[in-house]
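Enquirer:
Residue numbers (the numbering used here): 446 to 1127.
As C-alpha cells, then:
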C-alpha cells in the first residue's frame, strides 16, 4: 500500500428551483402533494382506474415505519406498501421528462398509466426514471410499490439501526431539452469536475460533461464552462464543440487552470466558487439546451501514516460525530431541510471539523452544508455487518457504490469513500465484495482513497486489508477492556502497520438522561441501567488518549444522536441505541457533548455536569465543570468556593451541600451556568 495518498477534489452544489419554475432551461415540478397510501400489498394497484379513495391521503416525505421509533424486532413492519398519485402534464415536442426520487426505501417499482417504468433496489441514493415514453397530455396516474422487506441481494442485509420504509425524501418531475446533461447517470449530475496540482498559486481543472441527445437526428452543440468567484467575477472560461449522434450519450472533457485560487480550507475558510456549465445550441435563440450551476471548492488533501490528514499543505485535525439520517419523533426519517439544518448547527456549536455519514448515503442537504461550512466527510456504501458473494449481491453493492460516488463526486467536503462497516464473517464472500468495491471505487474516482471501518479483529485482520486507509471501531471500557487500554492498543496498531494511514471510526458509550449516579458503576452494555456519568468518564478518557496522536487521520464519536435500533433493549428505552451525545428529540445535550465543546472551541463556554442528578441524599458531592476559559469560579448559595483542581478543560471541587436547595453558579470567560440541586438527608 502506498505510504502517501493524495486526493484533490472539487465540490458540487446542484441548484434547482424549489417550485414549478424554470431552473435554467429545465422545468421542475414538485410531486410531494396529493398522494394516496396503504401499508399492505394490493392486487392491481398499478391500474389507472384502481379505486384508492379509501387509502390514506398524505404529503411526502413519508415513512410507513413511524412505529419503528422505539419498536423491537417483533413490532417493526418490513414489507410492501403502495403509493398512488395523479398529476397533469403538458407534452412538449423536443423535451424529455424524468421523475426524480431523492430517496425511497428499500425497493421501488414504478408504473405510469398502468405501464411498468422500472425498478430501483437500494434505499438511500437518489434515482431517476425517464417517463417520456409513458406520459400523455392531461391526467397521468403514478403507482409506486415500496417494499421494505429484506432482499438477499440488496444491501444492507443487516445493521444496528432500524430501516425505515417509504418515500421518505422529496419527489419531482424534471423536464429537459432532448439535448441535455445526462439525467440517467446513476442519479448523478452528469457533470464531474476534477482539479489537480492545487496550490495557492494555481489549480488545474478538468470538467467532464456527459451529454445526451435523445432526439432522432444528429445535433451539433457546444459545452461551455465558466468558473465564477463568490462575487460573480469570472475566473475561468472553457468551451468545446461536440457533435452528437441520434440517441447517443458522449463524454466531453474540458481543461483549464485558475491562477491564484482561494482555497477551500475546511471550517477555517470553506470558500466556494460556482461552476456554470452550459450546453449551447449554436443555431437557436436563446440557444441554451441545458444549464447547471455547481458550487465548487478547490483543495488539496494528503493522508499520511505519520502526519495524519494534511489539508492544503498543513496538518489538519479531523474530529466529530458519526451521524445517521436526521430524524424527529413522530416522523423519524421523513424530515425537512430545516430539521437537517438544525442538526448541523449542533455540530458547529460543538466545534466538529468532520463527520462520518453512517452507514449509507445521506440526502444531498448534509453534503451541501458540509461544503458550505467546511466539514470533512467520510461517506460510505451500505455494506454493513453481513454480505453474500452472489453475483446479484455484488452487482447491487456495486450499483449503490457507483451511485454514492457519482452523486457526491463534486463535493469538496468528501475526502474518501467508505466501502463497508463491521462485516463480521471473514470468508471468500466478504473478500470478493470488498475487493470488487475497491477496484470499482478507483475506476470511478482515482483521486480519493477508500476506507473500511474494522471491528472485532486486529489491525492486520484479513477484513482490514482491502482498502487504502483503515479505521477501527473500538470501545475499550464499554464492550471490552478498560478505559486505559486504548492508548497502548493504538500504538501497537501504528507499529504493526506503519505505512497504512489509520483512524478511529467509532468509539462511544451509552447514556440515559434519567439514569444518574455519581460516582457511576460500570454498566453491563445490555443492562437497563446506563448512567450518564459513565458516558462522560468514557469520553474524557478516550479523547485524552487520542488527541495527542497526530498520525490518526480522523476521530469519529459513536454517535451524534440517540437513534432507533430495533434489535436493542437496553438503557431506558426499548428499540434505541443511546450512545448519542444528544437525545433523539434533539432537546437535550448530554454532558459528554460539552466535554468536546470545551476541547474543540474557543468561544467562551462553561457547563456544570451532572445537572440532572439534582436530588442528592449525601452531603458530600463532587462538582465538575467544563470550560474553555480558565480560570473558572464556583459559587454555592452565593458563597465562592476555593480554587478547583483543573485537568485539561475539567475543573472539579469536592463540596458539602446544605440541606434543602443548593444553587450552583459557575463563571468563566464572561459566561455563566447555573443549576439547582436539592440535598435531602436520609
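For each residue, glycine too, the CB sits at the ideal point set by N, CA and C.
Bear in mind the structure is a predicted one, so any value in this text is a computation, not a measurement.
#1: Is residue 1126 helix, strand or coil when you go by DSSP?
#2: Using DSSP with H/G/I as helix, E/B as strand and the rest coil, what is residue 682?
#3: Quick one: give me the first and last residue of the beta strand (DSSP E) that residue 786 is part of.
#4: Where residue 902 and residue 488 are concerned, what is the direct C-alpha to C-alpha distance, given to the nearest angstrom?
#5: Could you name the residues of the same chain whose beta carbon sits closer than 7 Å to that of residue 845, not counting the 5 residues immediately before and after it, in chain order?
#6: Are the CB atoms of residue 558 and residue 530 nearer to each other than 8 Å?
#7: Go to residue 643, then tell me how far its beta strand (DSSP E) extends in each direction, as first and last residue.
#8: Classify residue 861 as helix, strand or coil using the three-state DSSP reduction.
#9: Would you check if the distance between the CB atom of residue 909 and the CB atom of residue 897 is smaller than 8 Å?
#10: Of all the beta strand (DSSP E) runs that stay within the bounds of the stretch 729–789, which reach a length of 3 or more residues?
#11: Please classify residue 628: does DSSP put it in a helix, a strand, or coil?
#12: Are residue 1003 and residue 970 closer than 8 Å when you measure CB to CB?
#13: I'd like to know whether the C-beta atoms of residue 691 and residue 663 end up nearer to each other than 8 Å.
#14: Please list the terminal residues of the continuous alpha helix (DSSP H) segment that includes residue 1050.
#15: At which residues does the beta strand (DSSP E) containing residue 933 begin and terminate?
#16: Just to confirm the assignment, what range does the alpha helix (DSSP H) spanning residue 884 have?
#17: Provide the residue span of the beta strand (DSSP E) that contains residue 696, from first to last.
#18: Which ranges does the beta strand (DSSP E) cover as unbroken runs of at least 3 residues, wholly within the stretch 524–602, from first to last along the chain?
#19: Report all residues from its chain with a CB closer than 8 Å to the CB of residue 646; omit the five preceding and five following residues, and keep chain order.
#20: Quickly, what does DSSP pair residue 807 with across the bridge? List them, please.
#21: Between which two residues does the alpha helix (DSSP H) containing residue 988 stretch?
#22: Can you tell me whether DSSP reads residue 634 as helix, strand or coil?
#23: Quick check on residue 1107: does DSSP put it in helix, strand or coil?
#24: With C-beta atoms as the reference, is residue 1023 less than 8 Å away from residue 1007?
#25: Under 8 Å, do residue 995 and residue 710 count as touching if we go by C-beta distance?
#26: Express the C-alpha separation of residue 1123 and residue 1066 in angstroms, rounding to a whole number.
#27: Should residue 589 be listed as close to the ligand ADP, given that the test is whether its C-beta is under 7 Å from any heavy atom?
#28: Whose C-alpha, out of 521, 1103, 981, is nearest the C-alpha of residue 610?
#29: Any idea what DSSP makes of residue 667, helix, strand or coil?
#30: Output needed for residue 605: all residues of its chain with C-beta closer than 6 Å, excluding positions within five of it in sequence on either side, in chain order.
#31: Rounded to a whole number of angstroms, what is the C-alpha to C-alpha distance between residue 1077 and residue 798?
#32: Between which two residues does the alpha helix (DSSP H) carrying residue 850 extend?
#33: So, at 6 Å on beta carbons, what are the nonlocal neighbours of residue 1114 in its own chain, with the 5 sequence-adjacent residues on each side left out?
#34: Report the option in 1109, 1125, 1106, 1043 whose CA atom is closest to the CA atom of residue 1091.
#35: In this structure, does DSSP put residue 909 in helix, strand or coil?
#36: Mind checking which residues open and close the beta strand (DSSP E) that includes residue 725?
Expert: On the basis of the supplied data:
#1: If DSSP states are grouped into helix, strand and coil, residue 1126 belongs with coil.
#2: DSSP places residue 682 in strand when its eight states are reduced to three.
#3: Annotation for residue 786: no beta strand (DSSP E) segment contains it, though the alpha helix (DSSP H) segment containing it runs 782–795.
#4: A straight line joining the alpha-carbon of residue 902 with that of residue 488 spans about 48 Å.
#5: Excluding positions up to five away in sequence, the list reads 567, 570, 600, 826, 827.
#6: No, these two residues do not count as a Cβ contact at 8 Å.
#7: For residue 643, no beta strand (DSSP E) segment is defined, and its DSSP state is neither H nor E.
#8: Residue 861: strand per DSSP, three-state reduction.
#9: Yes.
#10: Here the runs fully enclosed are 733–741, 744–749, 753–756, 764–768.
#11: The answer is coil: DSSP assigns residue 628 none of H, G, I, E or B.
#12: No, Cβ-Cβ distance for residue 1003 and residue 970 is not below 8 Å.
#13: Yes.
#14: Segment: none, residue 1050 is in no alpha helix (DSSP H) and carries neither H nor E.
#15: Segment 931–941 is the alpha helix (DSSP H) holding residue 933; no beta strand (DSSP E) there.
#16: That run of the alpha helix (DSSP H) goes 873–889.
#17: Where residue 696 is concerned, the enclosing beta strand (DSSP E) starts and stops at 693–704.
#18: The stretch 524–602 contains these whole beta strand (DSSP E) runs: 525–534, 540–546, 552–557, 560–566, 572–575, 583–592.
#19: Here residue 646 has 704, 705 as same chain residues with Cβ atoms under 8 Å from its own Cβ, once five neighbours each way along the sequence are excluded.
#20: DSSP lists no partner for residue 807.
#21: Residues 977–991.
#22: Here residue 634 sits in coil by DSSP.
#23: Of the three classes helix, strand and coil, the one that applies to residue 1107 here is strand, per DSSP.
#24: A contact, by the Cβ cut-off of 8 Å.
#25: In this structure, residue 710 does not lie closer than 8 Å to residue 995 by Cβ.
#26: Take the alpha-carbon of residue 1066 and the one of residue 1123: they are about 12 Å apart.
#27: As for the ligand ADP, it is missing from this structure, which has no ligand bound.
#28: Of the candidates 521, 1103, 981, the residue whose Cα lies closest to the Cα of residue 610 is 521.
#29: Three-state DSSP puts residue 667 in a strand.
#30: Here the set comprises 1010.
#31: Residue 1077 and residue 798 have their C-alpha atoms some 26 Å from each other.
#32: Per DSSP, residue 850 belongs to the alpha helix (DSSP H) from 836–853.
#33: Correct list, in chain order: 1049, 1074.
#34: Selection 1109, 1125, 1106, 1043 evaluated against residue 1091 yields 1043 as nearest (Cα-Cα).
#35: Helix, per DSSP.
#36: Residues 718–725.
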